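A.B. asks: Here it is: the structure, laid out below.
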Amino acid sequence: MSQVPSTSTSSINFETVFTAALEAYKRQTKRDIASHPLAAQLQSCDSPSAILAVLRTQVQTFDRSHTADERWTKWLDPTVNVLYAFSATLGNGVGLMFPPSNAIFSGIGVLLQAVKDVRASENAVVDLFGRMEYFFKRLEKYIEVRPTAAMTDIIVKIMVEVLSILGIVTKEIGQGRTKKYLKKLIGRTDVEDALQRLDALTQEEARMAAAETLAITRGIDDKVKDLDDKVEGVEERVQVVGIKVDSIDDKVRTVDNKVQRVDHKIGSVIQGQLYFH
79 MSQVPSTSTS SINFETVFTA ALEAYKRQTK RDIASHPLAA QLQSCDSPSA ILAVLRTQVQ
139 TFDRSHTADE RWTKWLDPTV NVLYAFSATL GNGVGLMFPP SNAIFSGIGV LLQAVKDVRA
199 SENAVVDLFG RMEYFFKRLE KYIEVRPTAA MTDIIVKIMV EVLSILGIVT KEIGQGRTKK
259 YLKKLIGRTD VEDALQRLDA LTQEEARMAA AETLAITRGI DDKVKDLDDK VEGVEERVQV
319 VGIKVDSIDD KVRTVDNKVQ RVDHKIGSVI QGQLYFH
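Numbering (this note's numbering), first residue to last: 79 to 355.
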């Protein structure tokens, strides 16, 4: 398996990196996804469910069985959920006129439309999406984790890699290849290399997210322990105060006893004086 690319994609040059990815997609497919009709629909979507609704309309145009429909749609949920969360992490574009998530979702829609026109490509593309689904499922449980700078760097690379894969496959399908050729599409060196890079990136992102989750959990545990220690300290102080109060009670009772004895003596003296008079 190929290693995770080492190219830096910090927030400073993210716009440059993703703009280059969009240009590469445009050269490969001869399509500008920023101006594609799907882009306008996706631009108004404000949730993963809204995006899923738009993309599923592309699948529903296929004339196939319910079982086949499930093959086409089950990969959408984790893919859309993760990429939507990634886009939010990146500030929905960091100055780009066209947000990165919308570019990818538009690219998915364009590919689905191409598949509709070239039925021989269906199985190959289903296999492709099946592998991508597996990659994104490993990240779906971590989308609530606040990413570190290193995690954000990998997020950018993942989004660029996904767009690259969509571009390669859309180009090949658009060239009207034969069914025999398209069956070998996923095994092609460029597609396979891109999928392996995506696999490596999502694995690394999952490891970093898991480590961040563990660190957060440990931090919470430490804070709870510190709070427990403080509560115990308060309880000890309360116990000391209780002991002192008990001591004061004892002294008050002693004073009461002495006062009672004095009262008794005074009473005796008064009674004696009355007797002698």
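Using N, Cα and C, we set each Cβ at its ideal position, and we do this for glycine too. Just so it is clear, the structure is predicted and the values come from calculations on it, not from any experiment.
First and last residue of the alpha helix (DSSP H) that includes Gln106?
C.D. replies: It spans 92–107 - the alpha helix (DSSP H) in which Gln106 sits, taken as one unbroken run.
A.B. asks: Which of the three DSSP states is assigned to Arg149 in this structure?
C.D. replies: helix
A.B. asks: DSSP three-state call for Leu168: helix, strand or coil?
C.D. replies: coil
A.B. asks: Helix, strand or coil for Lys235 per DSSP?
C.D. replies: helix
A.B. asks: If you reduce the DSSP assignment to three classes, tell me which class Val223 lands in.
C.D. replies: If DSSP states are grouped into helix, strand and coil, Val223 belongs with coil.
A.B. asks: Quick one: what does DSSP say Pro177 is sitting in, helix, strand or coil?
C.D. replies: coil
A.B. asks: Report the three-state DSSP secondary structure of Gln136 (helix, strand or coil).
C.D. replies: helix
A.B. asks: Gly187: buried (16+ other C-beta within 10 angstroms of its C-beta) or exposed?
C.D. replies: buried
A.B. asks: Taking a contact to mean a Cβ-Cβ separation below 9 Å, would you say Met210 touches Ile243 in this structure?
C.D. replies: yes
A.B. asks: Which residues in the same chain have their Cβ closer than 6 Å to the Cβ of Tyr220, if we skip the five residues on either side of it in sequence?
C.D. replies: Ala287
A.B. asks: Is it the case that the Cβ atoms of Val234 and Phe96 are separated by a distance below 9 Å?
C.D. replies: yes
A.B. asks: Quick check on Gly245: buried or exposed, where buried means 16 or more other Cβ atoms within 10 Å of its Cβ?
C.D. replies: In this structure Gly245 is buried. Its beta-carbon is surrounded by 16 or more other beta-carbon atoms within 10 angstroms.
A.B. asks: Looking only at C-alpha atoms, which of Ala117, Asp277, Ala284, Glu218 sits nearest to Leu206?
C.D. replies: Asp277
A.B. asks: Using DSSP with H/G/I as helix, E/B as strand and the rest coil, what is Asp205?
C.D. replies: Of the three classes helix, strand and coil, the one that applies to Asp205 here is helix, per DSSP.
A.B. asks: In three-state DSSP terms, what is Gln274?
C.D. replies: helix
A.B. asks: Relative to the alpha-carbon of Arg128, which residue among Asp271, Asp155, Ile111 has its alpha-carbon at the smallest distance?
C.D. replies: Looking at the sequence shown, residue 128 is not Arg but Ala. Its Cα nearest to that of Ala128, the residue Asp155 stands out among Asp271, Asp155, Ile111.
A.B. asks: Using a 10 Å radius around the Cβ and a threshold of 16 neighbouring Cβ atoms, would you call Gly185 buried or exposed?
C.D. replies: Buried.
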